[in-house]
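Take a look at the structure set out below.
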Amino acid sequence: MRSVGIIGTGAYLPERRLTNSDLEKMVDTSDEWITSRTGIKERRIAAEDEASSDLAVKAAKQAMENAGITADQVDLIIVATVTPDMSFPATACLVQEQIGAPKAATFDLSAACTGFIYGISTAAQFIATGTYQHALVIGVECLSRIVDWTDRNTCVLFGDGAGAAVLGPVKEGYGFQSFELGGDGSGKDLLKVAAGGSRLPASENTVANSLHTLYMNGREVFKFAVRVMTSASDVALEKANLSFEDIDLFVPHQANLRIIDAAMKRYGLPDEKVVVNLDRYGNMSSASIPVALHEAIEEGRVSDGDTLVLCGFGGGLTWGATVLNWGGAIK
Ligand code: UT7
C-alpha cells in the first residue's frame, strides 16, 4: 500500500455576511445568547444565484492550484454534502464538468457533518492501492437553503461555504496514519431533514408542516458530540500508535465552541494547537473541517512532519477522525 496524504487545499466562502445583530431583527434572539452558547458571531450566506456546485468549484480550483496539478490529472471527485444542487445527478458530476476533469470518477457522499472525513477516508483507499493517483475531496454546503429562518433554535447556527483537498501519494511515513469512522442509525431522528426523499416526497402537506427544513435536537446532539469528539480521536491516535500528547494541530468540526473547549480541556491543548473559525462562519457541516484546515495552512500554522488530528461528527449519527502526518508531497 502506498502512503497517501493531502497535497493541496482550497476554500471558498460566499461574500454575504449575516451577523448576530442581523439575526436579532429576524428572530427572538440576542448576540449575547448566540455568542455565549455557541461562540458564533457571523456566518456567510450564498448569493441567490449560487448553489453548492458553484462554491465547490471555486474551492476545488484553489486546491488543485496549491497541489500543483491540473484538472485532467484528477481521477476521482467526491463531494460530501447534505445540500446538493439537486437530488441527482450528483453535485460531483456538476463540479467535474465545471472544472473540466474528463477522466474523473464522480460521486456524492452523504455523511452530514462527518462527510469530509468519510470522503478523504474513501478517496485514500483508491490512492493507497494504486487504483488512482489524485482525488479531489470537497466538503460543501448551502445550509441557508434548508434552514427554517423562523426557528431560533437552528437558524443562528449554520452557514454556507466550501473546502477542498487534493489527495495524492506522499513519501513513506507521511500522510494518513489512521482512520476511525462510525455510525449509529438509532440517532437518525436527532438531526434531519424529514421530507423530500422516498419516505415523505414533497407535497403541500410536507411544505405546510416545514418538513423540508433542518430539525435538530440540540441538547442530545451536544452530549453525543462532546463524547465522540475525543473518543473517535482517541481511537484514531491509538491506531497510529500515538497519544493526544503528540498532537501538533487539532482540526475539529466547528459546531459549537463549548464542544471544542471540552475536547481541549480533556486533552490539555493550548489555543495555538486548535483551529477555530466558527466565530466567522458558524457551522458549515461538511465544509467546516476542510475550510479550517485550509486557513490553518494559509496562516502558516502547519509545518512539515506535524501531527494533525481531524475530527468530525454529525447527523446519522456519524463520526470520524483521522491522524495525518503533514507534508511529504512527491514533486
Ligand atoms: O454539526 C452537527 C452537530 N451539531 C451540533 O453539534 C450542535 C450541538 N448542540 C448545540 O450546539 C447546542 O445544544 C445549541 C447551541 C443548539 C443549544 O444550546 P443549549 O445550551 O443546548 O441550549 P438549549 O437547547 O438547552 O436551550 C436553552 C434555552 C431554551 O429556552 P428554555 O426552553 O430553557 O426557556 C431555548 O428555547 O435557550 C433557548 N434558545 C434561544 N434563546 C435565544 C434556543 N435558541 C435560542 C436563540 N436565542 N437563538
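Residue numbering for the sequence shown follows numbering that gives the first Met the number 0, beginning at 0 and increasing consecutively.
Virtual Cβ for every residue (Gly too), placed ideally from N, Cα, C.
Item: Spatial distance of E41 from T153 (CA atoms); Value: 14 Å
Item: Proximity of V78 and T90 at Cβ, strictly below 8 Å; Value: yes
Item: Local Cβ density within 10 Å of M283, reported as buried at 16 or more and exposed below that; Value: buried
Item: Cβ shell of D27 (< 8 Å), same chain only, five flanking positions each side left out; Value: R151
Item: Contact test: A231 Cβ vs the ligand UT7 heavy atom, cutoff 7 Å; Value: no
Item: Rounded C-alpha distance that separates R144 from H211; Value: 10 Å
Item: Near the ligand UT7: G182 beta-carbon under 7 Å from a heavy atom; Value: no
Item: Rounded separation between S287 and G160 - CA only; Value: 8 Å
Item: Run of the beta strand (DSSP E) containing F331, from where it starts to where it stops; Value: Residue numbering for the chain in the displayed model covers 0 to 330; residue 331 lies beyond these limits and cannot be assessed.
Item: G281 and G138 closer than 8 Å at C-beta; Value: no
Item: Cβ contact (3+ pairs, closer than 8 Å) linking the region 103-111 and the region 19-35; Value: no
Item: Whole-angstrom distance between P88 and G267, CA atom to CA atom; Value: 45 Å
Item: C-beta atoms of A103 and L75 nearer than 8 Å; Value: yes
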